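Remarks on the structure that follows.
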Amino acid sequence: MKQDNQNFFERVYDVARLIPYGRVTSYGAIAKYLGAARSARMVGWAMNASGLKEDVPAHRVVNRIGVLSGKHHFQGTNLMQQLLESEGVEVEDNQVMDFEKVFWDPAAELL
DNA sequence: CTAGTGACTACAT
DNA sequence: TATGTAGCCACTA
């Protein structure tokens, strides 16, 4: 079915919306939860498209080491960091502090 | 159809 | 430990 792609994107958005307040997750974690652990790039691609969605907190999605790799894709220069700090997530030098503590794994928390 | 790129990750050197 | 290369899938030229 050609609409599978749409489904994949929708699933990514759904998981992103499920990220609790003050928590962050990684592209790979979402990809793994979706059954496409080796398609973390697709999650990033979906996030790029998520800019069209208001309900998708893409700022809560970072790479596996907690670096705001996608901060450049947000408006302004520190919007992503500002949003995270606004939720109580400490960010320094484009990197999430205490990443292990704020990390939220859908494959582990939701399962 | 081939080649290049990208909000990633894992393995290899 | 740090740097480089490969795999991954979708999109664009």
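Each number in this note's numbering comes from the position in the first sequence (counting from 1) with 2 added on. No residue lacks a Cβ here, since even glycine has one placed at the ideal position from N, Cα and C. None of these values were measured; they are calculated from a predicted model.
Closest Cα partner of residue i within the set the options
{"i": "Phe-105", "options": "Leu-86, Gln-83 and Gly-68", "result": "Gly-68"}
{"i": "Asn-103", "options": "Ala-18, Arg-13, Val-14 and Arg-25", "result": "According to the sequence shown, residue 103 is Lys rather than Asn. If we check each option's Cα against that of Lys-103, Arg-25 comes out closest."}
Supposed close pair residue i, residue j - CB separation, criterion 8 Å
{"i": "Ala-33", "j": "Val-45", "result": "5 Å"}
Beta-carbon spacing of residue i, residue j below 8 Å
{"i": "Leu-20", "j": "Leu-112", "result": "yes"}
{"i": "Val-93", "j": "Gln-83", "result": "yes"}
{"i": "Gly-30", "j": "Ala-39", "result": "yes"}
{"i": "Phe-11", "j": "Ala-42", "result": "no"}
{"i": "Lys-73", "j": "Asn-96", "result": "yes"}
{"i": "Tyr-15", "j": "Val-58", "result": "yes"}
Close-in-space but distant-in-sequence residues of the same chain around residue i (CB under 6 Å, 5 per side omitted)
{"i": "Met-3", "result": "Residue placement at Met-3 is flagged as unreliable, the pLDDT there being 40, under the threshold of 50; the coordinate-derived value follows with that caveat. Excluding sequence neighbours, Met-3 sits near nothing in its chain."}
{"i": "Met-99", "result": "Glu-92"}
{"i": "Gly-37", "result": "none"}
{"i": "Gly-90", "result": "Gly-24"}
Neighbourhood of residue i by C-beta distance below 7 Å, restricted to the same chain and skipping five residues each side
{"i": "Pro-22", "result": "Trp-106"}
{"i": "Asn-65", "result": "Ser-28, Tyr-29 and Ser-71"}
{"i": "Asn-9", "result": "none"}
{"i": "Glu-56", "result": "none"}
{"i": "Pro-108", "result": "Val-17, Leu-20, Thr-27, Ala-31, Ile-32 and Tyr-35"}
Every unbroken alpha helix (DSSP H) within the region 36-64, with a cutoff of 4 residues, ordered by chain: Taken in chain order, the complete alpha helix (DSSP H) segments of 4 residues or longer contained in the region 36-64 are 42-52.
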